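Protein chains: 4
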Amino acid sequence: MQAKSPKEIKRDLILDAALKVFSEKGYHNATMNEIATAAGIGKGTIYEYFASKIQLFQQMLARGLYTYFESLEMQNLRRKTVEEMIHSLLEGHILFCRQHSRLTRLVFWDTQVQDDEVKDWMLQMRKEKEARLQKILEEGIASGELRQQDPYIMTLVVTGVIASIWAPLVLDGWDIETNYLADAITDVIMRGIRNQV
Amino acid sequence: MQAKSPKEIKRDLILDAALKVFSEKGYHNATMNEIATAAGIGKGTIYEYFASKIQLFQQMLARGLYTYFESLEMQNLRRKTVEEMIHSLLEGHILFCRQHSRLTRLVFWDTQVQDDEVKDWMLQMRKEKEARLQKILEEGIASGELRQQDPYIMTLVVTGVIASIWAPLVLDGWDIETNYLADAITDVIMRGIRNQV
Amino acid sequence: MQAKSPKEIKRDLILDAALKVFSEKGYHNATMNEIATAAGIGKGTIYEYFASKIQLFQQMLARGLYTYFESLEMQNLRRKTVEEMIHSLLEGHILFCRQHSRLTRLVFWDTQVQDDEVKDWMLQMRKEKEARLQKILEEGIASGELRQQDPYIMTLVVTGVIASIWAPLVLDGWDIETNYLADAITDVIMRGIRNQV
Amino acid sequence: MQAKSPKEIKRDLILDAALKVFSEKGYHNATMNEIATAAGIGKGTIYEYFASKIQLFQQMLARGLYTYFESLEMQNLRRKTVEEMIHSLLEGHILFCRQHSRLTRLVFWDTQVQDDEVKDWMLQMRKEKEARLQKILEEGIASGELRQQDPYIMTLVVTGVIASIWAPLVLDGWDIETNYLADAITDVIMRGIRNQV
DNA sequence: CATGAATGAGACTTCATTCAT
DNA sequence: CATGAATGAAGTCTCATTCAT
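Protein chains in written order, with the numbering used here: chain Y, 166 to 362; chain D, 166 to 362; chain H, 166 to 362; chain B, 166 to 362.
Here it is in structure tokens:
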């Protein structure tokens, strides 16, 4: 935990403003002028920190995803069973959606960017996320905690449920207790994939 | 089934071209010129049928969603149990994803349009779809087929799984037998929500 | 000699305006807006005919050089001796400088363009011009009309003199009779390179 | 020869860097940043010594031309005949082109600067140079060394040849012995203008 | 004095929309 | 009706210049 340099502070300031404007207007409808104004700086200053609009967007997304995965990691440490892991995954996801609703909207909805580099990179992230989850589920099957099923289909179910939570939470401001929601969904999922003794 | 007027034929021609171009390039990167060329007509002619780019997009989406729901309806007629309905829902969805992969991409991914009217309308569609599904699930709970659970949470799980299927099918060209996939997912979902006797 | 299409007419209109503005302001200080205004059209219209500012400049130059060389060719037909050729070269050059003073300025002075393609292309033109002249001079040496001398050095002298004429003609509006000037310079040059019997 | 003050040293440092960058990139494509970096100083420091980019360019050119004329003067002292003067003029010019190829390029090619003050000043320099040469030639005519001819036309020929030398020397790196080249050109010129007894 | 972060005027370019043919 | 040439608003990005440190 080290102090941020002034450059990093302003960089973050711009990223914050970019997050705000991009999430409100979407990539194409956001203008560099708006972002500059939102950051309380001049238009040209952004270009001192980011080479182009698309790079600003990409790096804002990167920071957001990094935060997201970091927040999930913190939840997932020391979990033993698949059930616990899914529960903590859901809990982390719900908390993150609530705390960073704007960012979540961008990451899970606004994925429409035509820049091929960004697109490929986001696809890559999605695959990685899936692969990590699938590995956990495969281990669960091997240990006998989960029943014999195509692990990729299990993965689809879990990621699908996770992805579908953000909309009511962020768009509708769904007011439901985090733990209760995580419990209920974990319950449905686990009944679906658990090995019935 | 009545014969289409010449106006309707050309209108559909434009909508087809719009679907092709929008789905390949996304809303903002598609130009009216490209769409006109893809339709084999002049740029100005589009404006004889659609007032603006955003309205063309919206009406193309509307036609697509109408087709989607129509295709689901046809699958769902005369189904009795919730299990059958979910299975047919999945089957219809998978078939539609495969047959109209471009459209699916637009409807489930490219939702980034800032025009408020379109946005609200798409949100409305989502809510309606959810509401219809939730009603089916509630009836299943009432009839004892499904166990006592928050029906909205059940809805979330089902819609989430459905939404997550399109990506591997459309983006990765996942080659899996429709019925097998529908069976497997239905199985997981139903184990999760079925009333265990 | 065929009638020009409307597209070609407007293309020429834009090239004329470009010539006017570029020659008055130079490449970098000329704006597309000015050129459009000078042509009496909208800014965007230029881009219907030319892909970019640099291409407009390049094609304006190309048309100018084509006109220049064509005008020299017409002068040079049917000349027999080197003396006659140099005289007609000078005459053509002087006439062209007077008639297309703006263009001449661009071709002979404003050569400062950083676009590498244009630069290489202009260098190429210069080399070709030199090579053609040098060949004539070499033939003059072979035929005995000119004395034994390094033909490249002769070429340098002739091109140097030619290039230096435009400045007083164009910049200072030097009022001197074309034939008299051509005669006088030809005389000086020919004394310098003629084989003294 | 007096010691330079620290201010003058840094001023020269900046002018050197400006010469390097301007000659490589041209006026408009050179940036103050590059010049500062090339000089190893901060961007703002340039403005302690020069009021603006255009003034930096102008003063760099002025220093260059001053050096050029000084170098010619040194060659021309104590020359008696016109032939000797032209020969030494050529010799000095060739040497300068070789030693300061970058500067030469700027002075003889990159003349495209639209700032009226600089433009007028460079025109002024050109006129002065011409006038000085014309005076020498007029004296040659009066003394009978040169034949009766319009002295301005003679001047044109001489300046033209001089101006045309730089391109092969600087651009093509023409490898030719200085004295041989000066001799050959002087020979051609003098045959052209000398009074034939 | 020296610096370089900040600025914003201004340039090029795109493209939805119009309208004369 | 159909067209596509013409348009100009609007957006991204550059860079000379300023000024607080």
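C-beta atoms are modelled at their ideal positions from N, C-alpha and C, and glycine is treated no differently.
Here the structure is a predicted model, which is why all the values come from computation and not from measurement.
What alpha helix (DSSP H) runs, 4 residues minimum, are completely inside the segment 171-250 of chain D?
171-190, 197-204, 208-214, 218-241
Mapping the DSSP letters down to three states, classify R270 (chain H) as helix, strand or coil.
Within the third sequence, residue 270 (chain H) is the residue found at index 105, counting from 1. R270 (chain H): helix per DSSP, three-state reduction.
Helix, strand or coil, according to DSSP, for R359 (chain H) in the structure here?
Position 194 of the third sequence holds residue 359 (chain H). Three-state DSSP puts R359 (chain H) in a strand.
What is the rounded straight-line gap between the Cα of E364 (chain B) and the Cα of H193 (chain B)?
Because chain B in this structure spans residues 166 to 362, residue 364 (chain B) falls outside the shown range and cannot be described.
Check for me: the alpha helix (DSSP H) holding P316 (chain Y) runs from which residue to which?
Sequence index remark: in the first sequence, residue 316 (chain Y) carries index 151 (1-based). Element bounds for P316 (chain Y): 316-331.
Which residues in chain Y sit within 7 Å of M193 (chain D), going by Cβ to Cβ distance?
The residue you call residue 193 (chain D) lines up with position 28 of the second sequence. Inspection of the sequence shows that residue 193 (chain D) is occupied by His rather than by Met. What H193 (chain D) touches in chain Y: H193.
Might you give, ordered along the chain, the residues of its own chain that have their beta carbon closer than 7 Å to the beta carbon of A203 (chain B), omitting 5 neighbours on each side?
Here residue 203 (chain B) is taken as the residue at index 38 of the fourth sequence, counted from 1. Closer than 7 Å at the Cβ level, and outside the excluded window around A203 (chain B), lie A182, K185, V186.
Suppose you measure from the CA of S308 (chain D) to the CA of Y317 (chain D); what does that come to, to the nearest Å?
In the second sequence, counting from the first residue as 1, residue 308 (chain D) sits at position 143. In the second sequence, counting from the first residue as 1, residue 317 (chain D) sits at position 152. Approximately 17 Å between the Cα atoms of the pair.
Is the beta carbon of G305 (chain Y) closer than 8 Å to that of V247 (chain Y)?
Here residue 247 (chain Y) refers to the residue found at position 82 of the first sequence. Here residue 305 (chain Y) refers to the residue found at position 140 of the first sequence. For V247 (chain Y) and G305 (chain Y), yes; Cβs fall inside 8 Å.
Identify which residue in H:I350, H:R228, H:S253, H:I206 has its Cα closest to the Cα of T320 (chain B).
Residue numbering aside, residue 320 (chain B) sits at position 155 when the fourth sequence is read from its first letter. Out of H:I350, H:R228, H:S253, H:I206, H:I350 has the C-alpha closest to the C-alpha of T320 (chain B).
Quick check: V322 (chain D) and G357 (chain D), are their CB atoms within less than 8 Å of each other?
Stepping through the second sequence from its first residue, residue 322 (chain D) is reached at position 157. Stepping through the second sequence from its first residue, residue 357 (chain D) is reached at position 192. In contact: V322 (chain D) and G357 (chain D) (Cβ atoms closer than 8 Å).
Can you find a C-beta in chain D that's less than 8 Å from the C-beta of G357 (chain Y)?
For the purposes of this step, residue 357 (chain Y) is taken as the residue at position 192 of the first sequence. Interface residue, yes.
Using a Cβ-Cβ cut-off of 8 Å, state whether Q314 (chain Y) counts as contacting chain D.
Translated into positions along the first sequence, residue 314 (chain Y) becomes position 149. For Q314 (chain Y), the answer is yes, since a Cβ of chain D falls inside 8 Å of its Cβ.
Closer than 8 Å, CB to CB, is A368 (chain H) near chain B or not?
With chain H covering only 166 through 362, there is no way to say anything about residue 368 (chain H).
Should S329 (chain H) go down as buried or exposed, given a rule of 16 or more other Cβ atoms within 10 Å for buried?
Reading the third sequence from its first residue, position 164 is the one you call residue 329 (chain H). So S329 (chain H) ends up on the buried side.
Hey, how far is the Cα of E199 (chain D) from the Cα of M287 (chain D)?
The residue you call residue 199 (chain D) lines up with position 34 of the second sequence. The residue you call residue 287 (chain D) lines up with position 122 of the second sequence. Cα to Cα, the separation comes out at about 25 Å.
Which residues does DSSP list as the beta-bridge partners of L311 (chain D)?
Residue mapping note: residue 311 (chain D) aligns to position 146 of the second sequence, counting from 1. Per DSSP, D:R359.
For I327 (chain D), collect the residues of the same chain with a Cβ closer than 8 Å to its Cβ; drop the 5 residues on either side in sequence, then sort them by chain order.
As a working note, residue 327 (chain D) is residue 162 in the second sequence. Here I327 (chain D) has L254, L255, H258 as same chain residues with Cβ atoms under 8 Å from its own Cβ, once five neighbours each way along the sequence are excluded.
Would you say I259 (chain H) faces chain B, with C-beta separation under 8 Å as the test?
Here residue 259 (chain H) refers to the residue found at position 94 when the third sequence is read from its first residue. Judged by the 8 Å Cβ criterion, I259 (chain H) is not in contact with chain B.
Look at the alpha carbon of P171 (chain D) and the alpha carbon of V272 (chain D), and state the distance between them as a whole number of angstroms.
For the purposes of this step, residue 171 (chain D) is identified with residue 6 of the second sequence, where counting begins at 1. For the purposes of this step, residue 272 (chain D) is identified with residue 107 of the second sequence, where counting begins at 1. Pairing P171 (chain D) with V272 (chain D), the inter-Cα distance amounts to about 28 Å.
Backbone secondary structure at G257 (chain Y) - three-state DSSP:
Your numbering for residue 257 (chain Y) matches position 92 in the first sequence. Residue state, collapsed to three classes: helix.
What did DSSP end up calling W339 (chain B) once you bin it into helix, strand or coil?
In the fourth sequence, counting from the first residue as 1, residue 339 (chain B) sits at position 174. Residue state, collapsed to three classes: coil.
What whole-angstrom Cβ distance do M225 (chain Y) and L180 (chain Y) have, given they're in contact under 8 Å?
Taking the first residue of the first sequence as position 1, residue 225 (chain Y) is located at position 60. Taking the first residue of the first sequence as position 1, residue 180 (chain Y) is located at position 15. Contact holds; Cβ gap of about 5 Å.
Under 9 Å between beta-carbons, which chain Y residues line up against V322 (chain D)? List them in chain order, please.
Numbered from its first residue, the second sequence carries residue 322 (chain D) at position 157. Those are V322, G325, V326, S329, I350, V353, I354, G357, listed as they occur along chain Y.
Pick from H:R228, H:E189, H:G209, H:M197: whose alpha carbon is nearest that of E173 (chain H)?
For the purposes of this step, residue 173 (chain H) is identified with residue 8 of the third sequence, where counting begins at 1. Ranked by Cα distance from E173 (chain H), the options H:R228, H:E189, H:G209, H:M197 are led by H:R228.
Cα-Cα separation, K218 (chain Y) to T196 (chain Y):
Sequence index remark: in the first sequence, residue 218 (chain Y) carries index 53 (1-based). Sequence index remark: in the first sequence, residue 196 (chain Y) carries index 31 (1-based). K218 (chain Y) and T196 (chain Y): Cα-Cα distance of roughly 9 Å.
So, helix, strand or coil for K169 (chain H), using DSSP?
Counting from 1 along the third sequence, the entry for residue 169 (chain H) is found at position 4. In the structure shown, K169 (chain H) sits in coil (DSSP, three-state: anything other than H, G, I, E or B).
Mind listing the chain H neighbours of I206 (chain B)? Cutoff is C-beta to C-beta under 9 Å, in chain order.
One-based indexing of the fourth sequence puts residue 206 (chain B) at position 41. Under the 9 Å cutoff, chain H gives no residues; its nearest Cβ is about 25 Å from I206 (chain B).
What is the DSSP secondary structure of H252 (chain B), reduced to helix, strand or coil?
The residue you call residue 252 (chain B) lines up with position 87 of the fourth sequence. It is helical.
Quick one, which of D:T324, D:K175, D:N360 has its alpha-carbon nearest H252 (chain D)'s?
For the purposes of this step, residue 252 (chain D) is taken as the residue at position 87 of the second sequence. Cα-wise, what sits closest to H252 (chain D) is D:T324.
CB N360 (chain D) to CB L311 (chain D), shorter than 8 Å?
For the purposes of this step, residue 360 (chain D) is taken as residue 195 along the second sequence, with counting starting at 1. For the purposes of this step, residue 311 (chain D) is taken as residue 146 along the second sequence, with counting starting at 1. Yes; because the gap between Cβ atoms is below 8 Å, this pair is in contact.
Rounded C-alpha distance that separates Q220 (chain D) from L298 (chain D)
The residue given as residue 220 (chain D) occupies position 55 in the second sequence. The residue given as residue 298 (chain D) occupies position 133 in the second sequence. Whole-angstrom Cα-Cα distance: 29 Å.
Excluding five sequence neighbours on each side, which residues of the same chain lie with their C-beta closer than 6 Å to the C-beta of D348 (chain B)?
Counted from its first residue, the fourth sequence places residue 348 (chain B) at position 183. Residues of the same chain with a CB within less than 6 Å of the CB of D348 (chain B), apart from the 5 flanking positions on each side, do not exist.
K208 (chain D) to F222 (chain D), Cα distance in whole Å?
Locating residue 208 (chain D) in the second sequence gives position 43, where the first residue counts as 1. Locating residue 222 (chain D) in the second sequence gives position 57, where the first residue counts as 1. When rounded, the distance between both Cα atoms is 15 Å.
Cβ-Cβ distance between M290 (chain B) and L230 (chain B) below 8 Å:
Start at 1 with the first residue of the fourth sequence, and residue 290 (chain B) comes out as number 125. Start at 1 with the first residue of the fourth sequence, and residue 230 (chain B) comes out as number 65. Going by C-beta atoms, M290 (chain B) is nearer than 8 Å to L230 (chain B).
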